[in-house]
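> Before anything else, here's the structure in question.
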Amino acid sequence: MGWTLTTSLDAFRTAAGAFLAADPVENTVLLTVLDRIDRDGPRAYGETPPEYGWWCEPDGTVTGATLRTPPYGQRLGRMGTAAAEELARALADRPQRPEDAGGGRETVFAFAAEWARRTGLGWAVAFDERLYRLGELTPPPAPPAGRPRPAAPADRDLVAHWLAAFCTEAGISAPGDVQADADQRIAAGTLLLWESGDGRTTALAGASPAVAGMSRIGPVYTPPEHRGHGYASALTAAASARARAGGAAEVLLYTDLANPTSNAIYRRIGYVPVGDAANVVFR
């Protein structure tokens, strides 16, 4: 029983692929990260190679998974608290430690508490999230004038600017090269823009390609000057419908629990809560 940590994507897929696919809702982040690495290569998130891990029971059954794509922190998939604590001990003894961790709330708190005991470092919650899944899609009854359209290469500068602004507002690290990130997302066809009735581009929403029957909406961003007109609601509904049409049986999204407006918006268009998640930082 214990963790195996590796930089080999093939080894990780061989050992943990079936485990991840069996619960695509709880493992949504790991699955979408792996899909992007498959599509854009091991440097999709940075120059340092990703690291993967899986937890085996004494009989060899995989019951936990994790990954890290530096410079981003440790992402915890579905696992028990004992596995989360052992992962903290294993990573704390390594020279390159993650500076933050995210995942299911109970799992992350178990990891963080053991991390503090092992390293002597404190930790704090950076932000609380709630995972939602789409039930019956209910588009806004009175959407704003305009239409959704796929982001195109000509939108590159605007998309890059909005992706950076989204990261700043969300309190998360932006990609090292935001324009390259915009190029990758546009080429993959994962972004929609809302074009208002007068031809202005007013909002952005992403939807990951369907992986193991699951797609996750995000990011969703409306610049301050365009807020309050229903663009985000209409575009999120359009992105959700597009994800389902693309083969996703489960359409998911995370919301910041500190933002009651977005939580209310998503509930109105058919999203229902699954569970709470957290991101913690170590200091």
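For reference, each letter of the sequence shown is one residue, going 37 to 319 in our numbering.
For each residue, glycine too, the CB sits at the ideal point set by N, CA and C.
Whole-angstrom Cβ separation of residue 140 and residue 294, contact assumed at under 8 Å?
Their Cβ separation, rounded to whole angstroms, is 18 Å, which puts residue 140 and residue 294 out of contact at 8 Å.
> What are the start and end residues of the beta strand (DSSP E) that includes residue 104?
Element bounds for residue 104: 98-104.
> Measure how close the beta-carbons of residue 100 and residue 114 come, nearest whole angstrom, since I'm counting them as under 8 Å.
So it is a contact: roughly 7 Å between Cβ atoms.
> Per DSSP, what kind of secondary structure is residue 126 in: helix, strand or coil?
In the structure shown, residue 126 sits in a helix (DSSP, three-state: H, G or I).
> Mark residue 178 as exposed unless 16 or more other C-beta atoms lie within 10 angstroms of its C-beta, in which case mark it buried.
The residue in question, residue 178, is exposed, as its Cβ has fewer than 16 Cβ neighbours within 10 Å.
> Mind checking who residue 314 pairs with in its DSSP beta bridge?
139 and 164.
> Count the CB pairs spanning the region 258-272 and the region 145-153 that are closer than 8 Å, and state whether there are at least three.
Contact between the region 258-272 and the region 145-153 is absent, because fewer than three Cβ pairs lie under 8 Å.
> If you follow the beta strand (DSSP E) that residue 62 is part of, which residue opens it and which one closes it?
Where residue 62 is concerned, there is no enclosing beta strand (DSSP E), given that its DSSP letter is neither H nor E.
> Is residue 247 near the ligand MG, with its Cβ less than 7 Å from a heavy atom?
Of the ligands one can find in the structure shown there are none, so the ligand MG has no counterpart to examine.
> Tell me whether the beta-carbon of residue 176 lies closer than 8 Å to the beta-carbon of residue 266.
Cβ atoms of residue 176 and residue 266: closer than 8 Å.
> Would you list, in sequence order, the uninterrupted beta strand (DSSP E) runs of no fewer than 3 residues that lie entirely inside the region 254-319?
The region 254-319 contains these whole beta strand (DSSP E) runs: 286-292 and 307-318.
> Skipping 5 residues on each side, what residues in its chain have a beta carbon closer than 7 Å to that of residue 168?
These residues qualify, in order along the chain: 288, 289, 291, 302, 307, 308, 309 and 310.
> Consult DSSP for residue 148 and reduce its assignment to one of helix, strand or coil.
Note: residue 148 maps to helix in three-state DSSP.
> Are residue 86 and residue 43 close, meaning C-beta to C-beta below 8 Å?
Closer than 8 Å, so yes.
> Classify residue 278 as buried or exposed, calling it buried when 16 or more other Cβ atoms lie within 10 Å of its own Cβ.
Residue 278 should be labelled buried.
> Who are the near neighbours of residue 201 in its chain, counting only those whose CB is closer than 8 Å to its CB and skipping five residues on each side?
Hits under 8 Å: 257 and 259.
> Using three-state DSSP, classify residue 53 as helix, strand or coil.
Looking at residue 53 - three-state DSSP - the assignment turns out to be helix.
> For the 8 Å Cβ check, are there 3 or more pairs between the region 43-59 and the region 73-89?
Because the criterion of three Cβ pairs below 8 Å is met, the region 43-59 and the region 73-89 touch.
> Can the beta-carbon of residue 102 be found closer than 8 Å to that of residue 111?
For residue 102 and residue 111, yes; Cβs fall inside 8 Å.
> Tell me which same chain residues have a C-beta within less than 7 Å of the C-beta of residue 125, skipping the five on either side of it?
Only 150 and 154 meet the Cβ criterion.
> One question on the structure: do residue 162 and residue 317 come within less than 8 Å of each other, judged by their Cβ atoms?
Against a cut-off of 8 Å, the Cβ pair of residue 317 and residue 162 comes out as a contact.
> What do you reckon, are the CB atoms on residue 212 and residue 82 nearer than 8 Å?
Cβ distance < 8 Å, so residue 212 and residue 82 count as in contact.
> Give the DSSP bridge partners of residue 158, in chain order.
DSSP, once it has assigned bridges, lists no residue as partnering residue 158.
> Excluding the 5 residues preceding and the 5 following residue 298 in the sequence, name in chain order all residues of the same chain whose CB lies nearer than 8 Å to its CB.
These residues qualify, in order along the chain: 256, 268, 291 and 292.
> Determine the contact status of residue 275 and residue 246, defining contact as a CB-CB distance below 8 Å.
No, they are not a contact pair.
> Count the other CB atoms, across all protein chains shown, that sit within 10 Å of the CB of residue 37; report buried if there are 16 or more and exposed otherwise.
Under this definition residue 37 is an exposed residue.
> Indicate whether residue 239 and residue 227 have their beta-carbon atoms separated by less than 8 Å.
Taking 8 Å as the Cβ cut-off, residue 239 and residue 227 do not qualify as a contacting pair.
> Out of curiosity, what's the CA-to-CA distance linking residue 286 and residue 193?
C-alpha separation (whole angstroms): 31 Å.
> Looking only at DSSP bridge pairs, what is residue 38 linked to?
Residue 38 is bridged to 92.
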